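Undergrad: Chains as they are written, first to last, in UniProt numbering: chain P, 1 to 337; chain Z, 1 to 337; chain A, 1 to 337; chain E, 1 to 337.
The beta carbon of each residue, even a glycine, is placed where N, CA and C say it ideally should be.
As the structure is a prediction and not an experimental result, all values here were calculated from the model.
Number of protein chains: 4
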Amino acid sequence: MTTRFAVLGAGRIGQVHARAIAQVDGAALVAIADPISAAAEAMATKYGCDIRSIDAIEAADDVDAVVICTPTDTHADLIERFCRAGKAVFCEKPVDLDTARVRACLQVVKETGGRVMVGFNRRFDPDFAALKAAIDAGRIGKVEMVTLISRDPGAPPYDYITSSGGIFRDMTIHDFDMARWLLGEEVETVMAQASVLTDPKIGALGDFDSANVILRTASGRQAIITNSRRATYGYDQRIEVLGETGMVSARNQHAANIQFADAQGFHDAPLLNFFMTRYTAAYAAEIAAFAAALRDGSAMPITAGDGLRALELADAALQSAQSGQAVRLVASAQKVA
Amino acid sequence: MTTRFAVLGAGRIGQVHARAIAQVDGAALVAIADPISAAAEAMATKYGCDIRSIDAIEAADDVDAVVICTPTDTHADLIERFCRAGKAVFCEKPVDLDTARVRACLQVVKETGGRVMVGFNRRFDPDFAALKAAIDAGRIGKVEMVTLISRDPGAPPYDYITSSGGIFRDMTIHDFDMARWLLGEEVETVMAQASVLTDPKIGALGDFDSANVILRTASGRQAIITNSRRATYGYDQRIEVLGETGMVSARNQHAANIQFADAQGFHDAPLLNFFMTRYTAAYAAEIAAFAAALRDGSAMPITAGDGLRALELADAALQSAQSGQAVRLVASAQKVA
Amino acid sequence: MTTRFAVLGAGRIGQVHARAIAQVDGAALVAIADPISAAAEAMATKYGCDIRSIDAIEAADDVDAVVICTPTDTHADLIERFCRAGKAVFCEKPVDLDTARVRACLQVVKETGGRVMVGFNRRFDPDFAALKAAIDAGRIGKVEMVTLISRDPGAPPYDYITSSGGIFRDMTIHDFDMARWLLGEEVETVMAQASVLTDPKIGALGDFDSANVILRTASGRQAIITNSRRATYGYDQRIEVLGETGMVSARNQHAANIQFADAQGFHDAPLLNFFMTRYTAAYAAEIAAFAAALRDGSAMPITAGDGLRALELADAALQSAQSGQAVRLVASAQKVA
Amino acid sequence: MTTRFAVLGAGRIGQVHARAIAQVDGAALVAIADPISAAAEAMATKYGCDIRSIDAIEAADDVDAVVICTPTDTHADLIERFCRAGKAVFCEKPVDLDTARVRACLQVVKETGGRVMVGFNRRFDPDFAALKAAIDAGRIGKVEMVTLISRDPGAPPYDYITSSGGIFRDMTIHDFDMARWLLGEEVETVMAQASVLTDPKIGALGDFDSANVILRTASGRQAIITNSRRATYGYDQRIEVLGETGMVSARNQHAANIQFADAQGFHDAPLLNFFMTRYTAAYAAEIAAFAAALRDGSAMPITAGDGLRALELADAALQSAQSGQAVRLVASAQKVA
């Protein structure tokens, strides 16, 4: 039995997901929705699918699942709408930048029995997945300390920053999700510092470009996140987990696996510089995991509740950076559970 | 304009090439030939192509190029047949295990004006291609010494060994091609040693499992090749080129990019263990290069003459290993040029 | 002209410094003080020096400088005493565990015009020194974010923990000094979290074994420190500094520079497991730097003021870990300046 | 009981050995011989030893062992003379550049019952020693293939080349010794190629600057050696040994253990550039091993026979490079055994 997909939004990330669907056995792309985009026509030609309106997809009998790649402020509405229409939903993160709106959306998901997966792609990176599998297999014993070093090659455009919700909700949110996933226990306390070091204009827009966060769970496990919007050497994405019997870490990925040596020394290529190149395999794997969960009727690998929890950590980090105080999340964590 | 492909042979490597064709823009798979294989039916279903006889493909108006993935002893015949039929030909290495047969085949290619590419996939590995590009860009100055370390995870089945032409023609031949490509000058002298160290049965079959070869060009550049049929840690594929101003090297590829640390030390994953996994990107890139050469009318990236030359080096290495003398190749090299 | 040294305390660290003195050109060890130790006799034999009382050394005409390697609670007294006696002083860190006592001691140093160096050995590690030199040479532009990963192979004995002043004053204090050195600007705000994860007995003694700290300067530069009292894979000592144009990092040191590969993967040696082995070169270099400063009359590379400032950061971190609030250090920093 | 040393020759390598003697427990430097050198005076001052003539040292009652650091053409004579005088002898390699002279010298050693160690320092490098210990401990099973990559930063002065005996006797000889040590079986066959690639003047002097050698033992084990007189990136010294169950390798040593990253990529320091810096620890360890063998009365770790055997391999390699034929060494090997 084939799972029939529609992709909502033919932009950059919509194309990534369409390509992923084409690679998954038992998945077919039947429709793309994007009223104004030439990209939609290119995708229709390439994958032999229809261009339809969102309304038509909502009403279609031949669509089992939608992949939401539209602007962030439409996510929650579309999730609710397609849950009510009985379609499974894969939604790019975030569900919304406002936790109240996310909670309302989750209520609809719950009432409709909707099946919703949120796209935290990093959990599906083959290296990070191997790292997690090793932890789950007991290779390092009980997890104690998680270190996440995560730096973008450069800041996004100013107008994106304005609508992004700020560095914690836009960039660190991936690390919050990874930290929750790796700590194996909900975070209870958040401490954060944030500065403007790379570009004063980012500060003028009310955002930060450099941040450090300490997360702590009830049993005292800790995660540390270090972020910058500027890494001249590429897209820096490292994870290290210390456990009682050992450590496991995932290395960066270079643009090429070759090395020069000359009188100045030994030279390796910069890192892969773009999130879509760095996480190509992860994007394919997350759609495959979504399709597999639909096929098997098993639990969604990442739920909208995971999206909410990461957003709460982002809000808490911002509050801590502004107040200079540790922010406790216990009550909220219980709600999510 | 789309280049229309037929794949001859639906075995393991035929499937690899079919997948590659499906990924190349402007290429289409229209037919698969394999009279007895269930694999042919699976490919026909997956790629929406016909199953046809080789005769039918030879006569077809809707086939521009064939990819020969049949047994080695059919390669030369099929190359000649499809050159005469006016189809472009991509042929898995080797053209034949006998240099006289290869020369006769080349004569037909020449007479028919045939366009033939031989599949030395390693030249298309992204890392090796980056290494070569760096040399061509002058990053290490004039090439002096090439080091090729190439070890298989394990020996092939005994019946394969019997028909393989021996380690030099079956395994080292890839290194001979790489050495020619990297030295930038034809090889003039070959010295080799070969032993049986991993399995006496291989010796009983008249073959070796461990070999070292020194190649030397007219200007004194040298390449050294070290081969073994057994590397417990995976498929070991390294290249290092020393030039007048520096060195460039390509590293191995591990099964995962993670590292453990414990009281015993630091532990990395074994190497990718299978040539198809290790060279996935190379197989895709070589078909893309073939399609691009057809589209542009440009020279074939690797010709049947390259195949002949590598085979001559293999024959010379075997002769040197048996005689204990350096074997000179000058006359033969001139014939090829 | 030779600088004549006396070493006070013939224990483990006293022996390290005696060996260092023996390697420094223009330095001579003339006396060792340790009334009860067989180690003192061994040192006297090995280096051909006298065993004397501290009183005798204080009064001696033939001693230019003392190296204080006695228990921590004697440091401040001995510094004052030898400053008053007109001897140069090298003192193992810390000056004292109590900042008030350190300030009083500094007052005596100031009044006597004493020349005092405090032994933060890590600044003299050849790799860390090369990293600092690179920053000072402008290789990464303005410093933005410092990452210090510092883990001990195992916790010290319980009775040591009891008198150590706690993890921040005993272990993290080295990282506080490194952070100050590398940030190039005084720390203004400290945030910390601390837990007991490796051994509940450490918690019962009122200490922690796992800690993370964020430091922030007035201009927004940040340093992050991650500490654990247990790293099964050896003594983990890494530094990474992100600047506006690049990053520079110092790697760990393994017990041997060899690698195994087998069917389980690739295996490197554990890290050097003991601070004296890991920092052998640093201990020699710090005494050489002290001797050079005495010879040249130049400024002490690390002053007692540096010792005070690191201790203030340790106190602030403890306060932050206990209160959950960021602790500001501005006024204190001004006092130190 | 202290072993009393005299060093013959106060040049660069003589100073290295004097420093090593000073570090060995139970060893004392009592005399240095070098009639014309200011270096001798400096050493006498630094180590508190006498300056004496070689005759005086030969006759001295207070000298147990000599370290011969004089020009190569005096080595064999001095070995014979001090063996006859009943002193133990440590001699820098080579004993002589002529195998007949070496054999004659060995005869004297045998007749006098002399205790002679030849200084192949690389066997005492901590990494190479760890690699060998791992092989001996069975970590990789039976040894199959040895790879030695050995490149000098630059060629020696022309007048040194003239008297050096050529690249095989001067440079590759270290690799011949390492190959013998690691193969665990005597070499039976030698094949070599040599060229002039870095400097035509070297060719004009009758020498080569680039060479590759294949060695083979009776059981078919092989070693491959690749040499160049020019490596712009430093002193390149790598070893890799493939065995039936795994591989073990020793990495190069960089001038510093730090890494830069910037828009051009990741940059490591060049290699240590000078044999004395690279092999500092090895020089100290070999003298310690010599002293230990004298103290214990145990076998010399490296004998003059080892020196002869390496020289025979060098001669065979030169002959192979000139003749283009494999050179067999069986009879000679039996003589040595």
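Look up Z/A146 in the DSSP assignment and say whether it is helix, strand or coil.
TA: What sits at residue 146 of chain Z in the sequence shown is Val, not Ala. The answer is strand: DSSP assigns Z/V146 an E or B state.
Undergrad: Taking only three categories from DSSP, how would you classify Z/R216?
TA: strand
Undergrad: Do you know offhand how far P/I32's Cα is from P/A85's?
TA: 17 Å
Undergrad: For Z/V143, go through chain P and note every residue whose CB falls closer than 8 Å to its CB, in chain order.
TA: Within 8 Å Cβ-Cβ: nothing; Z/V143 doesn't reach chain P, min ~14 Å.
Undergrad: Below 9 Å on C-beta distance, what does P/F275 contact in chain E?
TA: What P/F275 touches in chain E: nothing, since even the nearest Cβ is about 18 Å away.
Undergrad: With a threshold of 9 Å between beta carbons, is Z/N212 in contact with chain E?
TA: So, interface residue.
Undergrad: Please confirm whether E/I161 and E/I225 have their CB atoms less than 9 Å apart.
TA: no
Undergrad: Can you name, in chain order, every residue of its own chain whose Cβ lies under 8 Å from the Cβ of A/A39, other than the five neighbours on each side?
TA: A10, G11, G14 and Q15
Undergrad: Mark P/K132 as exposed unless 16 or more other C-beta atoms lie within 10 angstroms of its C-beta, in which case mark it buried.
TA: buried
Undergrad: Going by the beta-carbon positions, is the gap between Z/A288 and Z/A18 smaller than 9 Å?
TA: In this structure, Z/A288 sits away from Z/A18, with a CB-CB distance that is not shorter than 9 Å.
Undergrad: In the DSSP assignment, find the unbroken alpha helix (DSSP H) run with P/E312 in it and report its ends.
TA: P/E312 -> alpha helix (DSSP H) spans A304 to S323.
Undergrad: Which residues of the UniProt domain "GFO/IDH/MocA-like oxidoreductase" (128-248) of chain P have a Cβ closer than 9 Å to any Cβ of chain E? Give them in chain order.
TA: Residues A231, T232, Y233, G234 and D236.
Undergrad: Report the three-state DSSP secondary structure of A/G11 (helix, strand or coil).
TA: coil
Undergrad: Compare the beta carbon distance of E/G165 and E/F208 with 9 Å and say whether it is the shorter of the two.
TA: no
Undergrad: Less than 9 Å between the beta carbons of E/D50 and E/L8, yes or no?
TA: no
Undergrad: Please determine if the segment 110-122 of chain E and the segment 74-91 of chain E are in contact, where contact requires at least 3 C-beta pairs separated by less than 8 Å.
TA: Proximity of the segment 110-122 of chain E to the segment 74-91 of chain E meets the contact definition, three or more beta-carbon pairs being nearer than 8 Å.
Undergrad: My output table needs one value for A/R123: the three-state DSSP class, helix, strand or coil.
TA: helix
Undergrad: Is it the case that the Cβ atoms of E/A282 and E/D170 are separated by a distance below 9 Å?
TA: no
Undergrad: Please report whether the beta-carbon of A/Q264 lies at a distance below 9 Å from any beta-carbon of chain Z.
TA: yes
Undergrad: Can you give me the C-alpha to C-alpha distance between E/F120 and Z/L242, rounded to a whole angstrom?
TA: E/F120 and Z/L242 have their C-alpha atoms roughly 26 Å apart.
Undergrad: Note down, in chain order, all residues in the segment 249-262 of chain E with a beta-carbon under 9 Å from any beta-carbon belonging to chain A.
TA: Closer than 9 Å at the C-beta level to chain A, one finds these residues of the segment 249-262 of chain E: S249, A250, R251, N252, Q253, A255, A256, N257, I258, Q259, F260, A261 and D262.
Undergrad: Residues of chain E with a CB under 9 Å from the CB of A/P126: which are they?
TA: A256 and N257
Undergrad: Need the endpoints of the alpha helix (DSSP H) that E/E111 sits in, please.
TA: Looking at the DSSP string, the run of the alpha helix (DSSP H) that includes E/E111 is T99 to T112.
Undergrad: Does DSSP classify A/F274 as helix, strand or coil?
TA: coil
Undergrad: Tell me where the alpha helix (DSSP H) around E/L183 begins and ends.
TA: Annotation: the continuous alpha helix (DSSP H) that includes E/L183 extends over T172 to L183.
Undergrad: Give a single yes or no on whether Z/M117 has its beta carbon closer than 8 Å to a heavy atom of the ligand NAP.
TA: This structure lacks the ligand NAP, and indeed carries no ligand of any kind.
Undergrad: Mind checking whether Z/Y259 and Z/L271 have CB atoms under 9 Å apart?
TA: According to the sequence displayed, residue 259 of chain Z carries Gln and not Tyr. Contact flag unset, no.
Undergrad: Excluding the five sequence neighbours on either side, which residues of its own chain have a C-beta within less than 6 Å of the C-beta of E/I173, listed in chain order?
TA: A310 and A314
Undergrad: Label E/A333 either buried or exposed according to how many other C-beta atoms from any shown protein chain fall within 10 Å of its C-beta, with 16 as the threshold for buried.
TA: Because E/A333 carries a pLDDT of 44, less than 50, the predicted location of this residue cannot be relied on, and the following value inherits that uncertainty. The residue is buried, with at least 16 neighbouring Cβ atoms inside 10 Å.
Undergrad: Answer with buried or exposed for E/Y279, where buried requires no fewer than 16 other C-beta atoms within 10 angstroms of its C-beta.
TA: buried
Undergrad: For E/T198 and E/A223, what's the separation of their Cα atoms in angstroms?
TA: Distance between the alpha carbons of E/T198 and E/A223: 25 Å.
Undergrad: Report the neighbours of Z/Q325 on chain E: residues whose CB is nearer than 8 Å to its CB, in chain order.
TA: G324, Q325 and A326
Undergrad: Can you find a C-beta in chain E that's less than 9 Å from the C-beta of A/A269?
TA: yes
Undergrad: Using DSSP bridges, identify the partner residues of E/V187.
TA: Answer is E/T217, bridged to E/V187.
Undergrad: Measuring only the C-alpha atoms, how far is A/L329 from Z/G234?
TA: 55 Å
Undergrad: Taking only beta-carbon positions, decide if A/A289 is within less than 9 Å of chain D.
TA: In the displayed structure, chain D is absent; the protein chains listed are P, Z, A and E.
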